[in-house]
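Under this note's numbering, the first residue of the sequence shown is numbered 22, with each subsequent residue one higher.
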Amino acid sequence: MMSTQKPVRRIAIVGTGTIGASWATHFLARGFDVTATDPAPGAEAALRSYVEGAWEGVKTLGLAPGASPDRLKFTSDMPAALADADFVQENAPERPELKIKLFADIDAATPRDAIIASSSSGITMSVMQAECVHPDRTVIGHPFNPPHVIPLVEVVGGTKTAPETVQDAMVFYASVGKKPIHLKKELPGHVANRLQSALYREVVYLIGQGVLDVADADDAVSWGPGLRWGVMGPNLLWHLGGGQGGIQHFMEHLMPRMAGNWPGLGNPEFTPELSQRIVKGVLEEADGRSIDELAAERDEMLFGLLAVRADYGSTPATAE
Numbered sequence: 022m023m024s025t026q027k028p029v030r031r032i033a034i035v036g037t038g039t040i041g042a043s044w045a046t047h048f049l050a051r052g053f054d055v056t057a058t059d060p061a062p063g064a065e066a067a068l069r070s071y072v073e074g075a076w077e078g079v080k081t082l083g084l085a086p087g088a089s090p091d092r093l094k095f096t097s098d099m100p101a102a103l104a105d106a107d108f109v110q111e112n113a114p115e116r117p118e119l120k121i122k123l124f125a126d127i128d129a130a131t132p133r134d135a136i137i138a139s140s141s142s143g144i145t146m147s148v149m150q151a152e153c154v155h156p157d158r159t160v161i162g163h164p165f166n167p168p169h170v171i172p173l174v175e176v177v178g179g180t181k182t183a184p185e186t187v188q189d190a191m192v193f194y195a196s197v198g199k200k201p202i203h204l205k206k207e208l209p210g211h212v213a214n215r216l217q218s219a220l221y222r223e224v225v226y227l228i229g230q231g232v233l234d235v236a237d238a239d240d241a242v243s244w245g246p247g248l249r250w251g252v253m254g255p256n257l258l259w260h261l262g263g264g265q266g267g268i269q270h271f272m273e274h275l276m277p278r279m280a281g282n283w284p285g286l287g288n289p290e291f292t293p294e295l296s297q298r299i300v301k302g303v304l305e306e307a308d309g310r311s312i313d314e315l316a317a318e319r320d321e322m323l324f325g326l327l328a329v330r331a332d333y334g335s336t337p338a339t340a341e
């Protein structure tokens, strides 16, 4: 897939909460100049602290030539941050009225040939681009958290997005070590969050029914199918599950039984009591470890998994 987009050298990050800060870390690690903007008090200090804390981790994944936290600039003046941007990654709170106005303002302040991407997890681009003068260059580029670690990016345009914008966004994300997937239709929650939600609905149902406790539910996923999902997706895994007959055998002989069980999957009533049961179970499972400690443990193992996948040639290529 060839890109017609101009070379990207300067990235603008709009909104520097957890997602925006993680994106900034990733782009800095890939050797870009990054200018970030956020109106919140203390935003710059929090951003720089995040990048500093995450830098050792991204170093293990490999830095592009010239990559440095020193290439991060910050301003609370959004038009100034956008004035020379080649690519914009927006990460503002998930409120439609805020996003619509924000995208109109970003569109007005950004060079005409720059792509404007949103990390939005729930609001469609058709909604956000409603008041843009140039909606053709706006697109969803929804990452999986944290963006500086997890390669997945879901790319989907709005009704007024040009097909070339989607293509150029796909090419750009792939060039910086991401694994972009193209969603051909807009839908709430995109894809990966819907998959997470579908699994978690059954987890909550099983806990609510007293089938197993919180820690065992987590182990059932992370020590079972979760290990396989870290290597291959479910469709390819069912190809293996079909034995020598592969996916054709699976679809003919095993899939009907699985589909027949779907009506019996849970549809739990999420009560305050069930909520507190899960909270209590999670805190017991955490066993005194802080959020930061758990996140560091998660990321260290993810770096290891990504390194293994790279050894097998199944990790997205990164910039040289």
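Backbone N, C-alpha and C fix where the C-beta goes; we use that ideal spot for every residue, glycine too.
Remember, predicted model here, so these are calculated numbers, not experimental data.
Per DSSP, the unbroken alpha helix (DSSP H) holding P184 starts and ends at P184 to S196. Per DSSP, E111 is one residue of the beta strand (DSSP E) stretching across F108 to E111. The beta-carbon distance between T131 and I137, rounded to whole angstroms, is 6 Å. This is short enough to meet the 8 Å contact definition. The alpha carbon of D240 has as its nearest neighbour, out of I171, T81 and E306, the alpha carbon of E306.
In the three-state reduction of the DSSP assignment, I144 falls in the coil class. Taking a contact to require three or more Cβ pairs closer than 8 Å, the segment 165-181 and the segment 197-212 qualify as touching.
Taking 8 Å as the cut-off, the beta carbon of P293 is found no closer than this to the beta carbon of G229. Counted as a single uninterrupted DSSP element, the beta strand (DSSP E) harbouring T58 occupies residues D54 to T58. Boundaries of the beta strand (DSSP E) around V160: T159 to P164. V170 and H47 have their alpha carbons spaced roughly 8 Å apart. Leaving aside the five residues that flank A238 on each side, the residues in its chain whose CB is nearer than 7 Å to its CB run, in chain order, V224, L227 and I228. Counted as a single uninterrupted DSSP element, the beta strand (DSSP E) harbouring H203 occupies residues K200 to H203. C-alpha of E77 to C-alpha of E321: approximately 10 Å in a straight line. Sequence-distant Cβ neighbours of F165 in its own chain, meaning closer than 7 Å and more than five residues away, are I171, L173 and A213. For G178, DSSP records a beta bridge to V160. Per DSSP, reduced to three states, the secondary structure at S139 is strand. Per the DSSP secondary-structure output, V35 pairs in a beta bridge with T58 and E111. Its chain contains L49 as the residues whose beta carbon lies nearer than 8 Å to that of S89, once the 5 sequence neighbours on both sides are disregarded; these appear in chain order. K27 sits in coil when the DSSP states are folded into three classes, being neither helix nor strand. The DSSP-derived three-state label of F48 is helix. R51 is a Cβ neighbour of A85, given a cutoff of 8 Å.
With 16 or more neighbouring CB atoms inside 10 Å of its own CB, P167 falls in the buried class.
According to DSSP, L93 shares a beta bridge with V55. For F324, the enclosing alpha helix (DSSP H) starts and ends at I312 to D332. Exclusion of the five residues before and after E65 leaves F95 as the residues of its chain whose Cβ lies within less than 6 Å of its Cβ.
Residues I228 of the same chain have their beta carbon placed closer than 7 Å to that of R298, with the five preceding and five following residues left out of the count.
The beta carbons of W259 and F271 sit about 5 Å from each other, so the pair counts as a contact at 8 Å.
Residue pairing of L173 in beta bridges, as defined by DSSP: K200.
L326 has its alpha-carbon roughly 16 Å from the corresponding atom of G245. Here DSSP, grouped into helix, strand and coil, assigns D98 to coil.
Taking all protein chains in view, the Cβ of M253 is surrounded by fewer than 16 other Cβ atoms within 10 Å, so the residue is classified as exposed.
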